[in-house]
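Chains as they are written, first to last, in our numbering: chain A, 1 to 119; chain B, 1001 to 1314.
Beta carbons: idealized from backbone N, C-alpha and C, even for Gly.
Here the structure is a predicted model, which is why all the values come from computation and not from measurement.
Please read the structure below before turning to the comments.
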Amino acid sequence: MISKKLTCIECPEGCRLTIDAENSKVIKITGNKCPKGESYAVAEIENPVRILTSTVLCQGLSLKMLSVRTDKPISKSMIFEAMKEIKKIKVKKSLNAGDIIVKDFLRLGVNLIATRKAE
Amino acid sequence: MIKRDLVIVGGGPSGMAAAISAHENGVKDILLIERDQYLGGILNQCVHTGFGINYFKEILTGPEYAGRFIEKVKSIPDIEVSLKSLAVRLTNDKTITFLKPGKLETIKAKALVMATGCREKTREMIHIPGTRPAGVFSAGLAQKLINIEGLLPGREVVIVGSGDIGLIMARRFALEGAKVKAIIEIQKESRGLLRNMVQCVEDFDIPVYFNHKISWIYGKDRVEKVSVVKVDNDFNEIPGTLFEIKCDTILVSVGLIPENELIEMAGVSIEGDRTSAPGIFVCGNSFKIYDMVDSATEDSMLTGKLAAEYIRNL
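Here it is, written out as structure tokens:
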């Protein structure tokens, strides 16, 4: 059994969590002030995930760069591969915040969405 | 001279919140002036998540948070938005002068809300000695270059200070393929939120040197390297601890200062939560530096309400 200390990143509170785990399975979590800490701790042990945010190039629009994000968290280990893919994207038509730019991004089961209106 | 009921200077989250709230509280004639070509202020370049947890009970990026207020402002015909409009003069009788394309306009307002945000502390303000090469940026400027202009201002980066913007930019540079060689913090712990130490620094294995400072910046045309030295708790350099880091870029992230030039120009001072001039209000980061935009929004909503009450009681 291992005991690991983590800082929860779900909100600015930054709860200090203590996680007891065995064979990559969480047994006990303490230190969290809300349920988000629990799901965060489980994910950190079993498969750490992050929402990826970045920008993509626009062409023929008033914005030069459009801010984007994955609509759900992706595995931390995929982040640099995702960045490579994001750099290849060019947005040429108007979009609203929330519109999908790439569906099922890198077959990760998440969409890459615009976070700003681009005209 | 043109007369308006309420003029709000600054179309960032605080100015927009004040405008919306003043309207909700009965003000029918509102002019919101913004120097940029878009509403949203600094949030437009804060493409990372972490906004809206308290106010919207969901996690949004900066542009998403701003976008919700922009849509709301645009849906209220009583709020006139004047973009590319830079306020240049304020007097204590609530007269404001601003430049907009092709025009200098002066308006006498019944009430004014100043929501002019803040500015970053610079290298000069913290006295980092050395040469004066290109490649020294404030963290927020680097953020604008990357996220708005699509330019990467450096490949080997050293960050001075561990404020949130610096930590967020450490991750942003790392994501863009630059090498973030060090974060140098003179204090013994981070000034930023713990979550940013985790998701921006630890996630990308970026070395952080607490109790350290840059003792010299080297480079003729462009930054070439910095020397770093350990300091004691009184910030005195500890002999024998000096080492060098090769880099082409230095980001300074050592704090923010409320931007109140116009208020000062008018001879108006900020006293507690109001100003010395009745009918002139200050809100958002120009009032005090906020950790979270959610709190700035809530306080600015109150400012909008106070401005509406002031106008009603005239």
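Within the stretch 1003-1030 of chain B, no residue has its Cβ closer than 7 angstroms to any Cβ of chain A. Minimum Cα-Cα distance from residue 1286(B) among the listed residues 1278(B), 1103(B), 1274(B) corresponds to 1274(B). When DSSP reads this structure, residue 1173(B) sits in no beta bridge, so it has no partner. By the C-beta density criterion, residue 62(A) is exposed, having fewer than 16 other C-beta atoms within 10 angstroms. Against chain A, the CB of residue 1097(B) has no partner CB under 8 angstroms away; the residue lies outside that interface. Around the beta carbon of residue 1241(B), fewer than 16 other beta carbons lie within 10 angstroms, which makes this residue exposed.
Residue-level contact check: residue 1169(B) does not touch chain A, since none of the beta carbons of chain A fall below 8 angstroms from its beta carbon. Here residue 1119(B) has 1257, 1259 as same chain residues with Cβ atoms under 6 angstroms from its own Cβ, once five neighbours each way along the sequence are excluded. A check of alpha carbon separations from residue 1155(B) across 1008(B), 1174(B), 1295(B), 1138(B) identifies 1174(B) as the nearest. The beta carbon of residue 74(A) does not come within 8 angstroms of any beta carbon belonging to chain B, so the residue lies off that interface. In chain order, 1050, 1053, 1193, 1195, 1291, 1292 make up the part of chain B whose C-beta sits under 8 angstroms from the C-beta of residue 12(A). The beta carbon of residue 1266(B) lies closer than 8 angstroms to those of 1090, 1091, 1092, 1277, 1280 in the same chain, with the five residues before and after it left out. Close CB contacts of residue 1269(B) within its chain, under the 6 angstroms cut and outside five residues either way in sequence, are with 1276 (chain order). In this structure, residue 10(A) sits near residue 37(A), with a CB-CB distance shorter than 8 angstroms.
Of the residues 1016(B), 1186(B), 1082(B), the one whose Cα lies closest to the Cα of residue 1208(B) is 1186(B). A buried status is given to residue 1301(B), since no fewer than 16 other beta-carbon atoms sit within 10 Å of its beta-carbon. Bounds of the beta strand (DSSP E) holding residue 1258(B) are 1256-1258.
If you compare the alpha carbons of 1199(B), 1128(B), 1053(B) with that of residue 1165(B), the shortest gap goes to 1199(B). If you ignore the 5 residues before and after residue 1020(B), its C-beta comes within less than 6 angstroms of the C-beta of 1072, all in its own chain and listed in chain order. Residue 1195(B) carries a helical assignment under DSSP once its states are collapsed to helix, strand and coil. Secondary structure at residue 1001(B): coil, using DSSP grouped into helix, strand and coil. Residues 1211, 1212, 1238, 1241 of the same chain have their beta carbon placed closer than 7 angstroms to that of residue 1230(B), with the five preceding and five following residues left out of the count. The C-alpha of residue 47(A) is placed about 46 angstroms away from the C-alpha of residue 1083(B).
For residue 20(A), DSSP records a beta bridge to 3(A), 28(A). Contact between the stretch 1099-1114 of chain B and the stretch 1004-1020 of chain B is established, with three or more Cβ pairs separated by less than 8 angstroms. Nearest CB-CB separation between residue 4(A) and chain B: not below the 8 angstroms threshold. In the displayed model, residue 1134(B) falls within a strand according to three-state DSSP. Within chain A, no C-beta atom comes nearer than 7 angstroms to that of residue 1080(B); the closest sits roughly 20 angstroms away.
When the five nearest sequence neighbours on each side are left out, the beta carbons in the same chain lying within less than 7 angstroms of the beta carbon of residue 1147(B) are those of 1045, 1047, in order along the chain.
Between the C-alpha atoms of residue 1169(B) and residue 1067(B) there is a straight-line separation of about 22 angstroms. Assigned with DSSP and collapsed to three states, residue 1213(B) falls in strand. Secondary structure note for residue 97(A): it is in no alpha helix (DSSP H), with a DSSP letter that is neither H nor E. Residue 1157(B) sits close to residue 1247(B), with the two beta carbons spaced by under 8 angstroms.
Taking 3 residues as the shortest admissible run, the stretch 24-80 of chain A contains the following complete beta strand (DSSP E) segments, listed from N- to C-terminal end: 25-30, 53-58, 65-70.
In the DSSP annotation of this structure, the continuous segment of the beta strand (DSSP E) that includes residue 1119(B) starts and ends at 1118-1120. Taking C-alpha positions only, residue 14(A) is separated from residue 1296(B) by approximately 20 angstroms.
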